[in-house]
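Have a look at the structure below before the remarks.
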Amino acid sequence: MKFTINRLPFLEQLTNVGRAVSGKATIPILQGIKISVEEDKITLTGSDSEISIESTLYVEDETYHIQIEETGSIVLTARLFSDIVRKLPTGQVTIESNAQNQTLITSGKAHFTLIGQDGSAYPRLPDYSEEFRLIIPTIPFKNMVNQTIFSASNQESRPVLTGLHLVAEEGFIRGVATDSHRLSQRDVSMTETKEELGFDQLTIPKKSVVELTRIVKDDQIIEMLVLDKQIIFFVDNVIIYSRLLEGNYPETDRLIPTEYETRITVNSNTFHEAIDRASLISHQGKNNVVQLSFDNEIVSLYVRGNERGEGVEHIEVKAVEGSPTTIAFNPDYMKEALKSFEGVDIHIDIQSAIRPMLLSPATYEEDNEEEVEDAKHNSLLQILTPIRTH
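So the sequence shown is numbered by my numbering: it starts at 711 and just counts up by one.
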């Protein structure tokens, strides 16, 4: 196998496929990237047990200036190979491997030799037929992931909660993530009917959707193909294969509060900054807790009596209505929820000190009815379970 290629665009694709590679892979060959060279293209593949990423570089694409002298395949340790290519001194790199799987990497006066593995030993990617591909609106989908996935669980005891749950509805897709302590939900409008979307509900592992959002650029198109236990995303010359998480996802609709006793309207950035200040004290205590209080027309944040001190701040709010209340919560969860609103005004709806609180974009009487209706299928909700205090 021997070819020459432009180094920087080659490195970009190495980085893309390397996102799927885990340094802790139990199968040693999966710690590497497979390079397969044919007469008209070079294919790069990275994989673990959850996600596989394949990038195809075509000779006809002048971006890469590919010159192929000999076909073949090799598997090279992902991180070491990428680091070498990243630091080579010139704009071109030549890669050549022999029958003993020794691979020579040359750029200018720099020469490296790596010991690889036979490409034929690398696991094959799943086959798929050219069925209906659903076109996903790129920027709203990336926003959906970024505004929800932090609420997915990191605990493998309930694997189905470690991903993004997608539900097909009439004219929109709903994305939900929860770890049972908090819940994030975002809708994305679609032109297709529920039947045309091609699925009812599915759950994609966290790593798969996060890496997809890192790979796809805002001006690129995402195509999605749903199979039996797998989902495939197509982004230009990159294909991302992901398994689907098995198990019944909780019926989260019933967890969303429909009424409140107290509603606080506040700018999300203003509140985030105040929580950030309060957490300087709360992080010093054994219990990372902040309290939100509304009494005598004043909204306040409290961090009470831990061994390092305490703090209080009165919050500048847009409006407040309802009954006096006090509710405690994890400030780190609250900051992540607030960040997802990107600086807009929000409602904080509270039922009681022991019931989940709901965060949603604020609506005002002067809002255009048509805009409010459109927002229903682009809406964002955050739910936090309070912490019980004595």
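Using N, Cα and C, we set each Cβ at its ideal position, and we do this for glycine too.
Just grab the DSSP bridge partners of residue 1031 for me. The partner list for residue 1031 (beta bridge, DSSP) reads 973.
Proximity winner among 899, 987, 1009, 902, relative to residue 1021 (alpha-carbon distances): Checked all of 899, 987, 1009, 902; the closest Cα to residue 1021 is 987.
Cβ-Cβ separation, residue 724 to residue 754 (assumed contact under 8 Å), whole Å: Beta-carbon to beta-carbon, residue 754 and residue 724 are separated by about 6 Å, close enough to satisfy the 8 Å threshold.
Based on DSSP bridge pairs, tell me the residues matched to residue 1025. Its beta-bridge partners do not exist; DSSP assigns none.
Measure the C-alpha to C-alpha separation of residue 713 and residue 918 and round it to an integer number of angstroms. C-alpha separation (whole angstroms): 31 Å.
Can you have a look at residue 799 and say buried or exposed, based on whether 16 or more other CB atoms are within 10 angstroms of its CB? In this structure residue 799 is exposed. Its beta-carbon is surrounded by fewer than 16 other beta-carbon atoms within 10 angstroms.
Could you please give the first and the last residue of the uninterrupted alpha helix (DSSP H) stretch that includes residue 854? That run of the alpha helix (DSSP H) goes 848 to 858.
Give me the Cα-Cα distance between residue 1048 and residue 748, rounded to the nearest whole angstrom. One C-alpha to the other measures close to 49 Å.
With distances taken between CB atoms, is the gap from residue 1050 to residue 1092 smaller than 9 Å? Their beta carbons are under 9 Å apart, which means residue 1050 touches residue 1092 by this criterion.
Give the range of the alpha helix (DSSP H) segment to which residue 820 is assigned. Looking at the DSSP string, residue 820 is not in any alpha helix (DSSP H); the run it does join, the beta strand (DSSP E), is 820 to 825.
Taking the C-alpha atoms as reference points, what is the distance between residue 951 and residue 963? C-alpha separation (whole angstroms): 29 Å.
Distance, residue 852 Cα to residue 1153 Cα: Within the shown structure, residues of the chain are numbered from 711 to 1100, placing residue 1153 beyond reach of any answer.
Pairing CB atoms from the region 1032 to 1044 with CB atoms from the region 931 to 949, are three or more of them under 8 Å? The region 1032 to 1044 vs the region 931 to 949: no contact.
By the three-class DSSP mapping on this structure, what secondary structure does residue 687 have? Residue numbering for the chain in the displayed model covers 711 to 1100; residue 687 lies beyond these limits and cannot be assessed.
To the nearest angstrom, report how far apart residue 900 and residue 1032 are at their CA atoms. Rounded to the nearest angstrom, the two C-alpha atoms are 37 Å apart.
Report the rounded CA-to-CA distance for residue 864 versus residue 873, giving the unit in angstroms. Those two C-alpha atoms are separated by around 9 Å.
Proximity to residue 855 [Cα-Cα], best of 1090, 1095, 1096, 781: Nearest C-alpha to residue 855: 1090.
Residue(s) in a DSSP beta bridge with residue 816: Bridge partners of residue 816: 804, 821.
Contact under 9 Å by Cβ, residue 787 with residue 826: Yes, these two residues count as a Cβ contact at 9 Å.
Check whether the region 892 to 908 touches the region 834 to 847, taking contact to mean three or more Cβ pairs, one atom from each stretch, closer than 8 Å. The region 892 to 908 makes contact with the region 834 to 847; the number of CB pairs closer than 8 Å reaches 3 or more.
Does residue 740 pass the burial test, meaning 16 or more other C-beta atoms within 10 Å, or should it be called exposed? Buried, by the Cβ-count rule.
Reference residue 994, options 977, 959, 1013, 981, closest by Cα: The shortest C-alpha separation from residue 994 is found at 1013.
Please report how far the alpha carbon of residue 909 lies from the alpha carbon of residue 947, in whole angstroms. Approximately 25 Å between the Cα atoms of the pair.
Would you kindly work out how many angstroms separate the C-alpha atoms of residue 1002 and residue 771, rounded to a whole number? Residue 1002 and residue 771: Cα-Cα distance of roughly 58 Å.
Neighbourhood of residue 894 by C-beta, 6 Å cutoff - its chain only, sequence neighbours within 5 removed: Cβ within range, chain order: 858, 861, 887, 1092.
Let me make sure I understand the geometry here. Which of 743, 1054, 734 has the alpha-carbon closest to that of residue 728? Nearest C-alpha to residue 728: 743.
When DSSP builds the beta bridges, which residues end up paired with residue 934? Answer is 844, 943.
Just the C-alpha distance for residue 1027 and residue 991, rounded to the nearest angstrom, thanks. Answer to the nearest angstrom: the Cα atoms are 22 Å apart.
Using the Cβ count rule (16 or more neighbours within 10 Å means buried), how would you classify residue 821? Residue 821 should be labelled exposed.
By DSSP, does residue 1065 sit in helix, in strand, or in coil? Three-state result, residue 1065: coil.
Selection from 907, 984, 849 that minimises the alpha carbon distance to residue 930: Considering only alpha carbons, the answer is 849.
Every unbroken beta strand (DSSP E) within the region 857 to 904, with a cutoff of 3 residues, ordered by chain: Segments of the beta strand (DSSP E) lying fully in the region 857 to 904: 873 to 879, 882 to 888, 892 to 899.
Tell me which residue opens and which closes the beta strand (DSSP E) that residue 761 is part of. Where residue 761 is concerned, the enclosing beta strand (DSSP E) stretches over 761 to 768.
First and last residue of the uninterrupted beta strand (DSSP E) at residue 786: Here the beta strand (DSSP E) through residue 786 covers 782 to 787.
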